[in-house]
Structures are given as structure tokens and as C-alpha cells.
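S.K.:
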Amino acid sequence: MSINDLLIERFLRRLRISESAIRQFAQVSRLSSVDGRGFPRELFLLSAPMVARGLLNFAVLQMKRDWLFPFWVHSQLDPQNEAYTVRSQNPLMMNVTYRNWTALGSPSGYHEAIVDPRGLATPLPREWSLDTWLLCGDETLFPSHAVPREQDFDTQAPAVETRFAQKGVELHLTTFVATARRSLDVLFHRATVRNTSEKATRVSLALAIRPFNPEGVAPIDRIDVAGRVILVDKAVGVVLRENASRWIAGNEREGDSALLFQKGVHTVGRTSVTCGGGLANAAFVYDLELEAGTERSVDCSVALAKESELRAVQSTPTWRVSLDRRRAAQRALWDREKSLGATFEFSDARIQRVFDASKLSLLQFHDGDLITPGPFVYHHFWFRDAAVMLRALDVLGYSQRSRQVIEGFGKKQKGDGFFSGPDGEWDSNGAVLWTVHEHYRLTRSDLWLRRLWPMLKKGGQWIMRMRRKGEEKGSGLMPPSLSAEHLGMVDQYYWDSFWCAAGIRSLASLAESLNKPDDAISFRREFEDFRSDLLSSMATAQARLGQPVVPASPRRGFDESAIGSICAVYPLDLFPGAAGPVASTVYSLIERFCNSKGFLHPIIHSGYNPYLTLQLAHACLFLNNVEKAWGVAETIFAQANSPFSFPEAIHPKTGGGSMGDGHHGWAAAEIVLFLRDCLLDDRGEDLSFLRGLGPLLKKGQGLRVENAPTKFGTAGLKVEFETPQRILLTFRNVFHEKSRPKGLVVHLPFPVRRAVPVTGNPVMTESVPWRGTRLRLDSRVKTVFLEL
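In case it helps, this note's numbering puts the sequence shown at residues 38 to 825.
#1: Quick one: Cα of residue 511 to Cα of residue 731, how far?
#2: Ends of the alpha helix (DSSP H) at residue 755?
#3: Are the beta-carbon atoms of residue 208 and residue 171 separated by less than 8 Å?
#4: With a floor of 4 residues, list each alpha helix (DSSP H) that falls wholly inside the segment 600–671, ordered by position along the chain.
#5: Please list, in chain order, all residues of the same chain as residue 304 whose beta carbon is under 7 Å from its beta carbon, the five residues on each side excluded.
#6: If you count every other CB in all the chains shown that lies within 10 Å of the CB of residue 775, and 16 or more means buried, which is it?
#7: If I follow the unbroken alpha helix (DSSP H) through residue 466, where does it start and stop?
#8: Let me know the secondary structure DSSP gives residue 189 once reduced to three states.
#9: Within its chain, find whatever has a CB closer than 8 Å to the CB of residue 800; leave out the 5 residues flanking it on each side and keep chain order.
#10: In angstroms with no decimal places, state the Cα-to-Cα distance between residue 90 and residue 269.
#11: Can you name the start and end residues of the alpha helix (DSSP H) that residue 684 belongs to?
#12: Is the beta carbon of residue 311 sitting closer than 8 Å to the one on residue 317?
#13: According to DSSP, is residue 462 part of a helix, a strand, or is it coil?
#14: Is residue 132 buried or exposed, if buried means 16 or more other CB atoms sit within 10 Å of its CB?
#15: Inspect the beta-carbon positions of residue 852 and residue 754 and report whether they are closer than 8 Å.
#16: Distance, Cα to Cα, residue 101 vs residue 182?
#17: If you measure between the beta carbons of residue 588 and residue 580, is that distance less than 8 Å?
#18: Taking the alpha helix (DSSP H) that residue 111 falls in, what are its first and last residues?
#19: Buried or exposed: residue 123, going by 16 or more other Cβ atoms within 10 Å of its Cβ?
#20: Are the CB atoms of residue 521 and residue 464 nearer to each other than 8 Å?
#21: With respect to the beta strand (DSSP E) encompassing residue 167, which residues constitute its N-terminal and C-terminal limits?
#22: Taking C-beta to C-beta, are residue 673 and residue 635 nearer than 8 Å?
#23: Would you be able to state if there are at least three C-beta pairs under 8 Å between the segment 376–386 and the segment 740–749?
#24: Grab the span of the beta strand (DSSP E) containing residue 794 for me, first residue to last.
#25: Of all the options 167, 646, 605 and 331, which has the alpha carbon lying nearest to the alpha carbon of residue 232?
#26: Would you call the segment 698–705 and the segment 416–431 in contact, with 3 or more CB pairs under 8 Å?
#27: Could you give the first and the last residue of the continuous beta strand (DSSP E) run that contains residue 704?
#28: Since residue 98 and residue 214 should fall inside the 8 Å C-beta cutoff, what is the C-beta to C-beta distance between them, to a whole number of angstroms?
#29: In whole angstroms, what is the alpha-carbon distance linking residue 362 and residue 338?
#30: Return the chain-ordered list of same chain residues with a C-beta closer than 6 Å to the C-beta of residue 321, the five sequence neighbours on each side being excluded.
#31: If we count the other Cβ atoms within 10 Å of its Cβ and call it buried at 16 or more, is residue 496 buried or exposed?
#32: Please work out which residues of its chain come closer than 7 Å, Cβ to Cβ, to residue 752, disregarding the five sequence neighbours upstream and downstream, and give them in chain order.
#33: Measuring only from the beta carbon, is residue 738 closer than 7 Å to any heavy atom that is part of the ligand MN?
#34: From residue 199 to residue 189, what does the alpha carbon distance come to, in whole angstroms?
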């Protein structure tokens, strides 16, 4: 037993936990132990905050049924609601039905805010929230009890618009993040009330500070009022643009300010409220007279920073400037940022909005030398998430952002060469080497690569040593590990070995690029041995199962965890060709575990998983099955409604998030990568355009790609319909002289009668069953006229 387990067992005994429960914990520790080190510390560190909040929620939320909570709480406590969750004696109460929120940040900020589906805004990293209420006559509009008329997301400059309607009035909430003085990001929030009736009306609008967020209770001990500046736990909290008519204080003893607001109560003679139970709350009320057809707005702002940082910061006038001016400046900042990357314009407006929103998500989740797969629960760094997200940033044309993160990898490398994500997750080194290789293919920066070489070589040698541990067990694979959490407990997962094999292959290629023949030969030989061991292991597993499928591990049956094995097809392409040993696994997973809502993953994720579904679609694309690829991808795109922020997993019944972060960066990356690879394929000697079109190009509507990075250089193509029967293709390619493509290939979803290049060699046209027409062109061609 490890020393960690001994300490935990001693603690459990002091709590007088039963011997049977202690034995059960010991068994859990054995199942999750890597190399005999006991229960993984990293797993505990990630889970502990969620467990602690679950305990707090259990103690508070069920016992104060008359309080106003975030909408997910009321849903899970309502037996008439499909989100109703039976609790029994489970001491944890967690949001497992509506884990949905949308991140709002700046191009360069470290923290994001989140907005839930009812407009509740949480200014991370502080976890309390800002809510908005409306009282009109004897009717109160609490967003957490209402269904918004719509919630929209601006895919050009991140902002969330949430609209509600109630008898004669409308409530419109606008929330976005902009950068203020000293590079501090600030959440700006506007509440607009419009009188839609034919007579004047009096309303009361409240901006409320709540000790809750989309995960549950977020304790507040003290709120102080200093004019328009509201301090929360002695740090600058909400800054009001104009003085409120009155304010309402609430705490555990006095009750919820939401109930007092309904009764018309207000606080007199006090400037603060405290609560030993962490439930201090307050509402700042604006009494408004509205003539028929008129509207009034109330603005406020909240800085995004830790409390310790904000205690040393005074609110500034720039936090209270016109919200319209701040929004205009924010739009200009995002326009400049987007101009630095590639341009992708599709025919399908729905797909365009999903793509644009995903692009903004990736830019917001880039935090300097880190990139995180979420703004809240997953505001941490993992190499496996970073590999996919950095690849997406690279193909979007943001190589400098990717490089900034890659150059921080060395800080995470241990003396033995291990790139330390969580211990016992052996995919990290393979992910690092693959990421660097993919970045180098697009940038061709030899001096930069040479500087990283010692770190990369050391990482490859670590894989070789660890693989020998696997060989001691006769497999030649990486040893057992905890691996990716969607695979299960400790086992010898193919996922780790596939990534590490790809890492060694990448290292061999990088050595060749740097003219290091000895290293290239050594790592190429290691890759071939590794690949041979993998093929042997997979053949044995397939014989054991009696099926041509690859399970998650050599000893496991074929279940949903086999989703981890498809990385050998996409993104790693370890066994090229539709007849590779993992190809049938892709189709078996689709046939058995996918339906109209996507890939249903019951192992930990417990829901339809957007990024795993899109990995299946992408694997089909790599297997040249475009129809199947789009059939799978559409199960996710069909659910892509504004604000286009996918959670890690979608609840099968509610359609809300069921686990993980409510705005998932890996999902955003998979959307970008799938759509980009539908338009551009640079894996072979030719540069192919529009190979996986699907709905991206429609007859009579155009398409444009500009400055898109490929291994050949930057690619550009504009498709214009001059008439319904005449198309102009314009290429704007800037290729590296030493790595020009052999030729250009363009796939079109309709028959072409004649193709005429303005200059250069003739265009070869070829009819493709079910696909329309394939054009083959010289790589120097700039313009082609097509007659349909």
C-alpha cells in the first residue's frame, strides 16, 4: 500500500468509517493505481472541489426551498421536470442535467466569465454570480424560473444576448467582456427593459449579487456598498454605472433578497451585509417609469481577477464608460485579431456560425503560455486537450499562439524526459511530439525546431524506456496507466501506445528535417518495431474477440471505450488506408453506439459526446467515406443552436450538459478541424480542395478560403457563381519553393461540362460517383472557368 493510501486509511479510521467501507476504498485505490502508487493525486485534486461543492449543495440547496437558485437546481428538484434527479442518501448534489454555459473573454485575457442559459453571469475566477430580476405590478420575472424567448451569441465579437418577455414588458440582457486599463478584463452587463404595452407602466429592475453559480453554492461572507462600487468579500465586485433607487440585503438569517424584492422591501441605514454561512446576497433596485413603446437600460461591470488581486485595485472611471463605446472597442479588437488568421467562408449559414463561434472559443481559451479546455471546471492544462486545440489554432493561422504554448512545454518536462501532465497518463509525450511535428509542418521554422530538439529527443527516449516496461509483460506496448478518463480505470490502453507511436514517428521525421541521420534512423527503427508490436497485439485481441475490431485495451471486451482506439485513424493516421486494422472499429462504433444525437458514451461521460462524435466523423473522412462522415457529424451540428457552446457531454433526456465543463474547448477544436479538413487535405503529394464538402458548398452560392496554412504553404480558393451555369475558381496559393504540391485537386458536388484555365496546362475533369466532379490542375494555375 502506498504512503498516500496509508494516510487516507488512517484518516478514515479516525472518522470511525466502517471496515467494509475502508476495504472498498482500498479496492478502488488498487483499480486506479499506477505502478503501485495508490489513488492518483491528480484525480483527487480535480475531483475534490467538485465533491466539496456537491456536499455544500446537499447541505444548502435542499434545505432552503423558498430561495431563488440557478435554474438547474429547480429543475433537478422538480419531480415534474425531465431533469428530476433522485438523491436518496447520496450526500452529493451536483448539476448533472444542465451543465451549459458560454464563455466570454478577450483575445489576450487569462480568465473568462460564463453565462448560463438564463443569463446568469459568473465573473471567473470569482464564483459568485450576477442575476437580473424584473417586477412589473404584482408579477415578478426571475430568469431562473422562466424560459427565455431566445439566447443569441455574436460570432463576430463574443457577447451573449438573453431575451425574456412578460405581459407588456421585455427584458433584454447583454453581456460581454472587454479589456480595460492595466490590461484587466472586465465583464460588462446591460439590462434593458422595454414597455411593449400601449400605456405607461412602472417597473422595478434589480441587479442581484448571488452566492450561487451553474455548479451550485459559491459562498459570499460579506457585501459592502460604497456608492456605485459594491465590494464582495472586501474586493471590488460590481461597479454600477448609476446609483440604484434602493438596495436589499439578504443572508441566511434575514432570508433571500429575491423574496424581499417581491415584497417591495428595501434596506435602510446599512451599508453592508455579512453571513457566517456564506449566503450573503444583495439586490440593487432601479424603479423606472416607462412610457408606451419606450425602454430604459441599466449598466454595470465586474472585473475578472482573483480577490487577492482586486483588493489592491481601485475601480476606475474606465469601468463605467458608456457600454456602447466599450462594445464598439471590443468589436474593433476582435476584428483585428481575426484579421491575423485564415479566412473560411461557407455557403451554409448555420455551419458558418458554428465554425465562427468555435474559432472564438479557441482564441478565448488560449491563455498565454497555456491553453485550457474550459473556462470553469476545466480551466487547467492537459497535453491531450492541448494537442488538438493547438492543431486547430495552427490550421486557423494562429501559429504564434500555438508556439507560445509549445515553448512552455519544457517547463513541464521532468528530468527523466516525461512531460508531466497527471502522473500515470502516458499519452503526454506522444502528444507533445506530434503537436510539435504538426506545427513544424505548417511553419517550417528550422531554427526554432533546432532549439527545441534536445527537449524533444529526451521526450522520445522516455517513450522508448517506458515501452520496455511494457515489453517485460510481453506486449511491447506502453505499460498500464490511468490514461484518458473516458476509457475507464487503470489498464494497458491502446490510446497511450497509439499516441506514443505517433510521437516516435514524428520525432524521426523531425530528425530528418534537421539533418540528423543517426537520430532519424534510430527513431524510425523504433517506430517500425513499435508498429509491429501494435499490429501483433491487435491481431491477438481481434482473434480473442472473434471480431475485426480493436478494443480499448488488449484484455478488454469491445465496448464504448474502444472510442479511444480510433485515434490510430484520426488524427494520427498510423495505418493509412480503408483496410487498416482500426477501420472496422470506426464503423462498428457508429453502428452500435451512435444514433441521431451522436455517440453515446456511458463511461464517466454519461451522455452524447460532441468531440468524440466528431472524432468518429473525422475518422470516416480520413477513410474517404465522406457521406458517412457527414452523416455522423450532422448529429452534432443539428444540435448546434445559439450560443453554440457545446458541453463535454449532452444529457440524453434534457439536452443539457451532463458532465465536465459547460463550454468545452476540445469540442470547439474538433468542429474547426473537421470543417477545415473537409475543405483542405494536404496529407498526400497533392493539395486537395473541397474533398469533404457536404453542405459547405451549395449550387449558386459561393465559398472562400484565404491564407489557410498547409504543409505546402498557405492555400486560398474562391468559388464564385457568375451565373447559375458558370463558376469562377480563383486560387491564391503561396507555396514554399522546396515543398510545392505535385498538383491541385478540386472536388465539386455537381457535374462540370467544361473547365478552362486562364493560363497553364489543361484541366483534367473526372466524374466521381455520388460526388460530382474531380478536377486535376497544375499547382501554378490561378484561375479556372467552369461551365456546368
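We put the CB at the ideal spot given by N, CA and C, even for glycine.
M.R.: Answer, in terms of the structure:
#1: As a working note, residue 511 is residue 474 in the sequence shown. As a working note, residue 731 is residue 694 in the sequence shown. Spanning the two alpha carbons is a distance of roughly 45 Å.
#2: In the sequence shown, counting from the first residue as 1, residue 755 sits at position 718. It is not in any alpha helix (DSSP H) - residue 755 instead sits in the beta strand (DSSP E) that spans 750–760.
#3: By 1-based counting over the sequence shown, the position of residue 208 is 171. By 1-based counting over the sequence shown, the position of residue 171 is 134. Against a cut-off of 8 Å, the Cβ pair of residue 171 and residue 208 comes out as a contact.
#4: 620–630 and 647–659
#5: By 1-based counting over the sequence shown, the position of residue 304 is 267. Excluding residues within five positions, the ones whose Cβ falls inside 7 Å are 284, 285 and 286.
#6: The residue given as residue 775 occupies position 738 in the sequence shown. Classification for residue 775: exposed.
#7: The residue labelled residue 466 in the question sits at position 429 within the sequence shown. 465–480 is the extent of the alpha helix (DSSP H) around residue 466.
#8: Here residue 189 is taken as the residue at index 152 of the sequence shown, counted from 1. The answer is strand: DSSP assigns residue 189 an E or B state.
#9: Locating residue 800 in the sequence shown gives position 763, counting from the first residue. So the qualifying residues of the chain are 792, 793, 794, 812, 813, 814, 818 and 821.
#10: To locate residue 90, count along the sequence shown from 1; it is residue 53. To locate residue 269, count along the sequence shown from 1; it is residue 232. Using only the alpha carbons, I get a separation of about 20 Å.
#11: The residue labelled residue 684 in the question sits at position 647 within the sequence shown. Counting along the chain, no alpha helix (DSSP H) covers residue 684, and no H or E run does either.
#12: Walking along the sequence shown from the start, residue 311 turns up at place 274. Walking along the sequence shown from the start, residue 317 turns up at place 280. Their beta carbons are under 8 Å apart, which means residue 311 touches residue 317 by this criterion.
#13: Position 425 of the sequence shown, counted from the first residue, corresponds to residue 462. Per DSSP, reduced to three states, the secondary structure at residue 462 is coil, with no helix or strand assignment.
#14: Taking the sequence shown and counting its residues from 1, the one referred to as residue 132 is at position 95. Label assigned to residue 132: buried.
#15: Here the chain comprises residues numbered 38 to 825, so residue 852 is not present and cannot be evaluated.
#16: Within the sequence shown, the letter at position 64 stands for residue 101. Within the sequence shown, the letter at position 145 stands for residue 182. Looking at the two C-alpha atoms, the distance is approximately 16 Å.
#17: For the purposes of this step, residue 588 is identified with residue 551 of the sequence shown, where counting begins at 1. For the purposes of this step, residue 580 is identified with residue 543 of the sequence shown, where counting begins at 1. No, the Cβ-Cβ distance between residue 588 and residue 580 is not below 8 Å.
#18: Here residue 111 refers to the residue found at position 74 of the sequence shown. Following the DSSP letters along the chain, one finds residue 111 inside the alpha helix (DSSP H) bounded by residues 108–114.
#19: Numbered from 1 along the sequence shown, position 86 holds the residue referred to as residue 123. Counting Cβ neighbours within 10 Å, residue 123 comes out exposed, since fewer than 16 surround it.
#20: One-based indexing of the sequence shown puts residue 521 at position 484. One-based indexing of the sequence shown puts residue 464 at position 427. Going by C-beta atoms, residue 521 is nearer than 8 Å to residue 464.
#21: If you number the sequence shown from 1, residue 167 lands on position 130. That run of the beta strand (DSSP E) goes 166–173.
#22: Position 636 of the sequence shown holds residue 673. Position 598 of the sequence shown holds residue 635. Cβ atoms of residue 673 and residue 635: closer than 8 Å.
#23: yes
#24: To locate residue 794, count along the sequence shown from 1; it is residue 757. Here the beta strand (DSSP E) through residue 794 covers 791–794.
#25: Here residue 232 corresponds to residue number 195 of the sequence shown, with the count starting at 1. Answer by Cα proximity: 331.
#26: yes
#27: On the sequence shown, residue 704 is found 667 positions in, with the first residue counted as 1. Under the DSSP assignment, residue 704 falls outside any beta strand (DSSP E), being part of the alpha helix (DSSP H) whose first and last residues are 702–716.
#28: One-based indexing of the sequence shown puts residue 98 at position 61. One-based indexing of the sequence shown puts residue 214 at position 177. So it is not a contact: roughly 28 Å between Cβ atoms.
#29: Your numbering for residue 362 matches position 325 in the sequence shown. Your numbering for residue 338 matches position 301 in the sequence shown. Distance between the alpha carbons of residue 362 and residue 338 is about 14 Å.
#30: Looking up residue 321 in the sequence shown gives position 284. Within the same chain, residue 321 has close Cβ partners 244, 281 and 284.
#31: Along the sequence shown, read from residue 1 onward, the residue named residue 496 stands at position 459. Burial call: buried.
#32: Position 715 of the sequence shown, counted from the start, is the residue given in the question as residue 752. Result list for residue 752: 717, 724, 742, 745 and 770, in chain order.
#33: Of the ligands one can find in the structure shown there are none, so the ligand MN has no counterpart to examine.
#34: As a first step, residue 199 must be located in the sequence shown, where it is residue number 162. As a first step, residue 189 must be located in the sequence shown, where it is residue number 152. Between residue 199 and residue 189, the C-alpha separation is close to 6 Å.
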